[in-house]
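Report on the following structure.
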Amino acid sequence: MNTSHSLPRKAQLQEVTEGKVRCLLCERRCLIVEGGKGWCQTRFNQNAVLYTSIYGVISSLSANLIEKKPLYHFYPGSRALTAGSWSCNFGCPWCQNWDISKTPPPKQSRFMSPGTFIQETIRQSCQGTSISFNEPTLSFEWSLDVFQLAREQDLYNTFVTNGYMTAKALDMLFKAGLDAMNIDIKGKSTAVRKYCRGVDVDQVWARCKQAKELGLHLEITTLIIPNVNDDDGSLDEIASHIVELLGDDTPWHVSGYHPAYRFTTPSTPISTLERAWAIGKKAGLKFVYVGNVPGHTKDHTYCPRCNELLIERLGLLVKRNLVKSGRCYACGEILPGAGWNWDR
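If you want our numbering, it's the position in the sequence shown, counting the first as 1, plus 591.
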């Protein structure tokens, strides 16, 4: 990876309106004046053309187990070379990755071409790629190029996202080779609009539905935050919406928050996560996972028909995988997901 001044690239998904440029990448749909930047600070208007300042700009790079995304029903135990950049299009005051998401792109930064990234993925014996850490939608153009190269090498591609990209953006990611997503549902509409600074959560749900319709593997995560989204009403609304909109076999991860950035509320009690798990199951979800609690029995995968233990986890590690060709070894129940036995 080289340290260099990043070279601006012409952004995709834009339209010109009387000298201003409207960004069509995310649902903020910023109208940017000459010399101005979008809400995310990564796209700017120069001579009535929108450019991205973070093409190939890398803040973080690591080979991670796919369970860290989290994706529990997708190539379990595999590793994805994971890259992040800078900034975000949300304003969450509790961001767990605030050191990169709340920082605008630096003038001097590390650059990695898509080809070099794929070479590194293969060198580190990873099975796929993941764009994560900060909001990956901002690295849209780079992701398109990465995904196309990864597909040529039979590598999978994943996105860990807040889901606020436009329908066109998601369609382009899918066509480029995106295979799986974890989308963060942060809460009810009032809480999301307040804390994430004007975000319309209905648009996030719309992308979730679109992902399912495209045939992408989808898992949902909710970071449970005390006094924000930990009440029974909020949790039941999320769980019920997953069942009704996405299907009862869509995995839901309920994860514990820890104080970060501008939020000093104490960490989420384990009992709250267990309550969220129970609410999800009562709503009809077949797969609910308690996250950020290594060794918790509700972090395993059980057959929804016969309740046999199918995947035993300890933290991010898969200790046992008894799934056979996408089915329960005991009763033959088909499990939603992909790549269950990739290593056999």
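We treat Cβ as the ideally placed atom computed from N, Cα and C, and that holds for glycine.
Rounded C-alpha distance that separates residue i from residue j
| i | j | result |
| --- | --- | --- |
| residue 647 | residue 755 | 21 Å |
| residue 714 | residue 744 | 12 Å |
| residue 844 | residue 624 | 40 Å |
| residue 872 | residue 642 | 45 Å |
| residue 867 | residue 891 | 16 Å |
| residue 694 | residue 853 | 14 Å |
| residue 920 | residue 839 | 21 Å |
| residue 620 | residue 614 | 5 Å |
| residue 824 | residue 922 | 35 Å |
| residue 902 | residue 704 | 36 Å |
| residue 904 | residue 894 | 15 Å |
| residue 758 | residue 809 | 16 Å |
| residue 685 | residue 850 | 7 Å |
| residue 900 | residue 910 | 12 Å |
| residue 862 | residue 626 | 50 Å |
| residue 889 | residue 797 | 28 Å |
| residue 702 | residue 599 | 12 Å |
| residue 925 | residue 918 | 4 Å |
| residue 816 | residue 609 | 43 Å |
| residue 601 | residue 681 | 23 Å |
| residue 607 | residue 640 | 8 Å |
| residue 630 | residue 790 | 12 Å |
| residue 812 | residue 856 | 20 Å |
| residue 927 | residue 786 | 33 Å |
Unbroken beta strand (DSSP E) run spanning residue i, endpoints
| i | result |
| --- | --- |
| residue 611 | 611 to 614 |
| residue 882 | 879 to 882 |
| residue 902 | 900 to 905 |
| residue 908 | 908 to 912 |
| residue 749 | 747 to 752 |
| residue 935 | Taken as a continuous stretch (DSSP letters only), residue 935 belongs to no beta strand (DSSP E), as it is neither H nor E. |
| residue 701 | 700 to 702 |
Alpha helix (DSSP H) segment containing residue i, residue limits
| i | result |
| --- | --- |
| residue 711 | 705 to 714 |
| residue 607 | Not the alpha helix (DSSP H): residue 607 falls in the beta strand (DSSP E), residues 605 to 608. |
| residue 780 | 780 to 786 |
| residue 719 | It is not in any alpha helix (DSSP H) - residue 719 instead sits in the beta strand (DSSP E) that spans 719 to 722. |
| residue 737 | 731 to 743 |
| residue 598 | Here residue 598 belongs to no alpha helix (DSSP H), and DSSP marks it neither H nor E. |
| residue 756 | Element bounds for residue 756: n/a, residue is neither H nor E. |
Residues near residue i by beta carbon distance below 7 Å, same chain, minus five either side
| i | result |
| --- | --- |
| residue 645 | 597, 633, 676, 677, 696, 729 and 730 |
| residue 734 | 722, 727 and 764 |
| residue 769 | 738, 748, 750 and 807 |
| residue 870 | 823, 826, 827 and 830 |
| residue 935 | none |
| residue 740 | 705, 706 and 709 |
| residue 881 | 845, 864, 865, 868, 887, 889 and 890 |
| residue 858 | 847, 848, 849 and 850 |
Rounded Cβ spacing between residue i and residue j (contact assumed at less than 8 Å)
| i | j | result |
| --- | --- | --- |
| residue 622 | residue 771 | Not a contact, Cβ separation roughly 33 Å. |
| residue 774 | residue 752 | 6 Å |
| residue 724 | residue 691 | 6 Å |
| residue 650 | residue 673 | That belief does not hold up - the Cβ atoms of residue 650 and residue 673 are roughly 11 Å apart, past 8 Å. |
| residue 847 | residue 792 | Actually they are not in contact, since the Cβ atoms of residue 847 and residue 792 sit about 21 Å apart, beyond 8 Å. |
| residue 803 | residue 837 | 5 Å |
| residue 670 | residue 655 | 7 Å |
Own chain residues within Cβ distance below 6 Å of residue i, not counting five before or after
| i | result |
| --- | --- |
| residue 668 | 909 |
| residue 913 | 901 and 920 |
| residue 832 | none |
| residue 879 | 843, 868, 871 and 872 |
Entirely within the stretch 622 to 694 and at least 4 residues each: give me those alpha helix (DSSP H) ranges in chain order.
Correct list: 689 to 692.
Just list the beta strand (DSSP E) runs in the stretch 776 to 850, keeping only unbroken ones of 3 residues or longer that don't cross its boundaries, in chain order.
Here the runs fully enclosed are 808 to 815 and 843 to 847.
Could you name each continuous beta strand (DSSP E) segment of 3 residues or more that falls completely within the stretch 852 to 897, going from the start of the chain to the end?
Runs of beta strand (DSSP E) with 3 or more residues, each lying fully within the stretch 852 to 897, are found at 879 to 882, listed in chain order.
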